[in-house]
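-19 is the number of the first residue of the sequence shown in the numbering used here; add one for each residue after it.
Yeah, the Cβ is synthetic: ideal placement off N, Cα and C, and Gly gets one too.
These numbers were taken from a predicted model, which means no experiment stands behind them.
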Amino acid sequence: MTGLWGVRPRWRTDVLGDFFCPGCGGDRNYRRQHGRRWLRLVGTPVLPLGPVIGSVQCTSCHGRYGVEALEQLTSVRLAAMLRDAQYTVALAVLAAGGSGSRAGRDAACALIREAGFDDCGEAQVLASLAALTGRSGGEPQDVDDTAASGAGGLAIELHAALEPLAPHLAPAGCERLVLQGAWIALADGGYLPQERAALAAVGRCLRIGPPRVEDLLEAATRAPR
């Protein structure tokens, strides 16, 4: 007779969306739900017993996870953030070294196209640079946090593009962004002080300590792209 009775929750859906499902290992749709435990007789709820902790259910595998699962970026969102990060690093280093160098412009544009902006040419890159720095010339600029207001837009963009991404990238991925910036800086010769400052700012946004940033800058000189 005890098999006639049981306790099971009844769920109600609050939100629908996309998330990275830990069970499927990929982007899936989810239902964010809250519920209440019910005493059931032959499967029919007859008496409410109390609330249960809210959860997220994958609509594909039907696995149920804590709401913290929504903190993991979807693959699509991570790819978009990485593209924006590469674009911003390229602009920051190009501004720091001066956009007057053909080799520097070519290296920055190559990184931007590699990031996925296939239709973004030199004219668009220089226009974006002018919009963020307030300058159209090719003189080197300080892009560090202590920069004058002319370069402040790039400092803000670095923080906005890199800091939210850093917790979701492996250390090697963060270091790769610094190396990509270093290769742009080296395209027309050695590092300028402004370029080192910009790359140090990239490292700080990515939670890479100054000694490791220096190691990466040195490694870039020994292993050019």
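Exposure label - residue i; buried when at least 16 CB within 10 Å
i	result
A200	buried
V69	buried
E94	exposed
D98	exposed
P(-11)	buried
A127	At A127 the pLDDT is 40, less than 50, meaning the model places this residue with poor confidence and gives no usable figure here.
C38	buried
A60	exposed
G51	Rather than Gly, the amino acid found at residue 51 in this sequence is Glu. It counts as exposed.
Distance between beta carbons of residue j and residue i, contact taken as under 8 Å
i	j	result
V73	A178	5 Å
L62	L145	7 Å
CA nearest to the CA of residue i, picked from the options
i	options	result
G210	L53, L(-16), L196	The displayed coordinates of the chain run from -19 to 205. Any statement about residue 210 would go beyond what the structure contains.
G84	G43, P190, P151, A162	A162
I188	P173, G169, A150	A150
E143	C89, L159, D64	D64
Test item: CB-CB of residue i and residue j under 8 Å
i	j	result
D(-6)	H14	yes
S55	D7	yes
A36	R12	The sequence given here places Val at residue 36; Ala does not occur at that position. Yes.
S108	D168	no
G96	T113	no
Y171	A165	yes
C1	G34	no
Exercise for the section: Report yes or no: do three or more beta-carbon pairs, one from the segment 74 to 85 and one from the segment 144 to 156, lie closer than 8 Å? Expected result: no
Practice task
Give a yes or no on contact between the segment 176 to 194 and the segment 135 to 144, applying the rule of three or more CB pairs nearer than 8 Å.
Solution key: yes
Handout entry: Segment contact, 8 Å Cβ cut-off, at least three pairs: the segment 45 to 52 with the segment 13 to 24
Key = no
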